[in-house]
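Asker:
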Amino acid sequence: MSHTAQNDYKEFIDYLPEVKAYLDELDHQDLWWSTVGMVGKINNENIDPQLLVSIVETQKEFQGLREVMIDELIGRYLNQANSEISLKAQTTIDIVIRNLFERTADVGFLATDDDLVDFMAKEENSEDEQRFIHNRIVEYVKKYTVYNDVLLIKPNGDIKAKLDLNNPVSHSHDPIIQTALTTNDDYVEQYRPTDLFNQQKNSLMYAKKIIKPNVQGKDEVVGVLCLSFNFEEEMNGVYKTLDSSNLYELMILDDQGTILSSNHPDVNRVGSRMSNHIEQFDRPMRIGQQLHYGTKTNGYQGFYGLPWFGYVKINNQKAFDYGDNNQDLGVKIQPDSHLYLRDLEESIVKVSTLLLIVILNGKIMSLKRDVKAFLPILDSFQNISFDIQNIFTRFIHHIHQVLVDTIQKKAAFSAALAVEIMDRNLYERANDCRWWALNSTFRQLLTKKLSSGSLESTEVQKLTDILSYINSLYTVYTNIILYDKNGVILAVSNQAEGHLVGTNIPRGNDTTRCLGLKDTQHYVVSDFHKSSLYEDRYTYIYHAAVKSWDNMDTNVGGIALVFDSEPEFRAMLDDTEPKYINEALNETTFSILVDRAGMVIASSNDDIKIGQQLKLPPGILAAENGVSDTISYNWDDKPYIIGFKVSEGYREYKNGDGYDNDVIALMLTGV
């Protein structure tokens, strides 16, 4: 095991044919230099010995430069490979943690659902009550499809309800039950085998105690809610997103090095243990014929989840082959670019100049002293000078191209990641509005409002309290609004906007569409627009129909979720922007989300305003869903590389659920 440090750069030459070719050429020139120098010593009659000394000293300068050049090029390739493997490992764990953060909110909120609480508080339940709760759980998982089972468990371990009727469990002593009952934490998160879900080898479980306030105002613990997250299915989607070519071996490990998930289970068997200690990874490491990297999560909104690691390894040869897939954008690094290798060019100019001086001095001396026999030697050095200069020119271009390839790869990957995270985030928003619309209190009171024409102040307060509680758990919304069949606002979660109650919700066309929804699976999303509900800023508003308590085919109102788009989208861009070693590159990098017309949805560049219309190449705006690519483009008359990805949805979201809204992520880096 060894670090990929400069002292072992040469060991990577076998994987880098371009570097080996340059080294062979430079070695050939060095050998020819030595040969010509030896001939010069034999024919040095009447030649100042200092000239021969200068030839040797200049050759030493050349040899030193050769080492610098080769180390520089290998270093660039290693940086490219290290950057790629580090990014994939970090993203593998971080994208999972983002998802699991949402699950902690789910279990916390669902455990307080009135219907579930009332069901668990009863010692015995009728068949109708059991059927009602099962249907309610089914409705929940129809929205939040990341779960493969849900259990309601009595404190003694009896199973009172479950999503999967084929799950044989009827009673359990699994320790998660007692932990959930006694902990003061908001939830319990565990991953391991369990008889609660014995059809799975391991289960990722989220559990929380269910509490029923009694008439004395004291809390009575009536059971435990346990959600089973479909970890295997989720990881398969993550692997497909991060490495569709299947070149990398991507894994999730626990803190003991045990493999929990792998995209190559035939090579990295789930349940086996990695031999090395991942705590040692402060940078990618070469272990045998592979490059390895493991990392903890950066966390998301203070959530770090279980002590897991993202771990990636790749064969050395493959690590250096991937860049060949980049298309040539025709980008030329100009001398005024912050990428231009001035220091290396100056060293090259120095060696070329020294050799030129040697040749000129030699010719002057030969002519003055009439030593014509030495002139062919100098002509040979002239040819060496020409050949070396040609190598130097090609080398500078090549190393610049490696830099461009690295930027291309990072920009494309970051754009794909940004739009993936956006779709994943908005998938949750579509789930939230549909599930909350099914709240029994909402349905009962809005049904009463439709039939009687009004609600008591205590009933309005009850609606308000529920909305406020929901909003306290789900902080990505600035307001959650309930409205009746006529679009009149009945209650809001944000008390600072209580003046909205009694007014009509804006954009009646969205309200009309919502009130016309036929089932509980569909929802309505507004266009990205300036809304008075969001301080006249641009946002999306998510709507779902509230169904009559008496008839699921009748809509009695709707719920509207005002998404806090500015900070949420900005955070997505900031979290996914590429990071470069070269700080000048970071300073020129920014990212944008746009719609098909080029309207800005979000930007990390403060000079580009939300709602602004951008003139973008048709090839970007017309690209098909899922297309990811890079282009070179002049932005404000400056050369940029743009990586872009067109959204393709997440799970069922925007994939046949009736909602179409293509978004394009752009990652721009100046070159």
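In UniProt numbering, the protein residues as written are 1 to 671.
The C-beta atom is built at its ideal place from N, Cα and C for all residues, glycine as well.
A quick note: this is a predicted structure, and the numbers were derived from the prediction, not measured.
Is Ile-581 buried or exposed, if buried means 16 or more other CB atoms sit within 10 Å of its CB?
Answerer: By the neighbour-count rule (16 or more Cβ atoms within 10 Å), Ile-581 is not buried but exposed.
Asker: Tell whether a beta-carbon distance below 8 Å holds between Tyr-653 and Leu-417.
Answerer: It is not a contact, given that the beta carbons lie outside the stated cut-off.
Asker: So, helix, strand or coil for Lys-143, using DSSP?
Answerer: Helix at Lys-143.
Asker: Nearest to Ala-584 by CA position, among Gly-557, Pro-506, Val-671 and Arg-513, is which residue?
Answerer: It is Val-671 whose Cα lies nearest to the Cα of Ala-584.
Asker: In whole angstroms, what separates the C-alpha of Trp-435 from that of Val-141?
Answerer: Using only the alpha carbons, I get a separation of about 9 Å.
Asker: Check whether the region 561-581 and the region 533-549 touch, using three or more Cβ-Cβ pairs below 8 Å as the test.
Answerer: A contact exists between the region 561-581 and the region 533-549.
Asker: For Phe-590, which of helix, strand or coil comes out of DSSP?
Answerer: Note: Phe-590 maps to strand in three-state DSSP.
Asker: Could you please give the first and the last residue of the uninterrupted beta strand (DSSP E) stretch that includes Glu-568?
Answerer: From DSSP, Glu-568 is part of no beta strand (DSSP E) but of the alpha helix (DSSP H) over 565-576.
Asker: Assuming Lys-547 is part of the alpha helix (DSSP H), what are its boundary residues?
Answerer: Run containing Lys-547: none in the alpha helix (DSSP H); it sits in the beta strand (DSSP E), 541-547.
Asker: Taking contact to mean 3 or more Cβ pairs, one atom from each stretch, closer than 8 Å, check whether the region 444-463 and the region 606-624 are in contact.
Answerer: Judged by Cβ distances under 8 Å, the region 444-463 makes no contact with the region 606-624, as fewer than three pairs qualify.
Asker: When the Cβ atoms of the region 339-351 are set against those of the region 215-227, are three or more pairs found closer than 8 Å?
Answerer: No: the two stretches stay apart, fewer than three of their Cβ pairs being nearer than 8 Å.
Asker: Going by Cα to Cα distance, which pick from His-134, Thr-406 and Asn-555 is closest to Phe-320?
Answerer: Selected option, being the one with the closest Cα: Thr-406.
Asker: So the candidates are Asp-30, Arg-283, Ile-388 and Glu-102; which of them puts its Cα closest to the Cα of Ala-81?
Answerer: It is Arg-283 whose Cα lies nearest to the Cα of Ala-81.
Asker: Less than 8 Å between the beta carbons of Ile-631 and Leu-329, yes or no?
Answerer: Their beta carbons are under 8 Å apart, which means Ile-631 touches Leu-329 by this criterion.
Asker: Ser-275 to Tyr-15, Cα distance in whole Å?
Answerer: Roughly 25 Å between the two C-alpha positions.
Asker: Starting from Lys-448, follow the alpha helix (DSSP H) in both directions and report where the run begins and ends.
Answerer: Unbroken alpha helix (DSSP H) run through Lys-448: 440-452.
Asker: Considering only the alpha carbon of each residue, which of Gly-626, Tyr-542 and Lys-160 lies closest to Glu-124?
Answerer: It is Lys-160 whose Cα lies nearest to the Cα of Glu-124.
Asker: Can we say the region 295-312 touches the region 70-79, given the rule of at least three CB pairs closer than 8 Å?
Answerer: Short answer: they don't touch.
Asker: Cα separation between Leu-227 and Asn-99?
Answerer: Each residue's alpha carbon lies about 14 Å from the other.
Asker: For Val-419, which residues of its own chain have a beta-carbon under 6 Å away from its beta-carbon, when the five flanking residues on both sides are left out?
Answerer: Cβ neighbours of Val-419 beyond the five flanking positions: Lys-645, Ser-647 and Ala-665.
Asker: Whose C-beta lies closer than 6 Å to the C-beta of Thr-627 among residues of the same chain, with five residues either side of it excluded?
Answerer: Before going further, note that residue 627 is Val rather than Thr in the sequence given. Result list for Val-627: Val-646, in chain order.
Asker: Please confirm whether Gly-557 and Leu-438 have their CB atoms less than 8 Å apart.
Answerer: Not closer than 8 Å, so no.
Asker: Tell me which residues share the same chain as Asn-148 and place their Cβ nearer than 6 Å to its Cβ, disregarding the 5 neighbours each side in the sequence.
Answerer: Hits under 6 Å: Ser-228 and Asn-230.
Asker: If you run the structure through DSSP and keep just helix, strand and coil, what is Arg-286?
Answerer: Arg-286 falls in the strand class under three-state DSSP.
Asker: Closest to Asn-486 by C-alpha separation, out of Ile-505, Val-476, Asn-494 and Glu-139, would be which residue?
Answerer: Cα-wise, what sits closest to Asn-486 is Ile-505.
Asker: Decide if the region 231-243 is in contact with the region 126-143; the criterion is three or more beta carbon pairs, one per stretch, under 8 Å apart.
Answerer: Output reads no: the region 126-143 does not touch the region 231-243.
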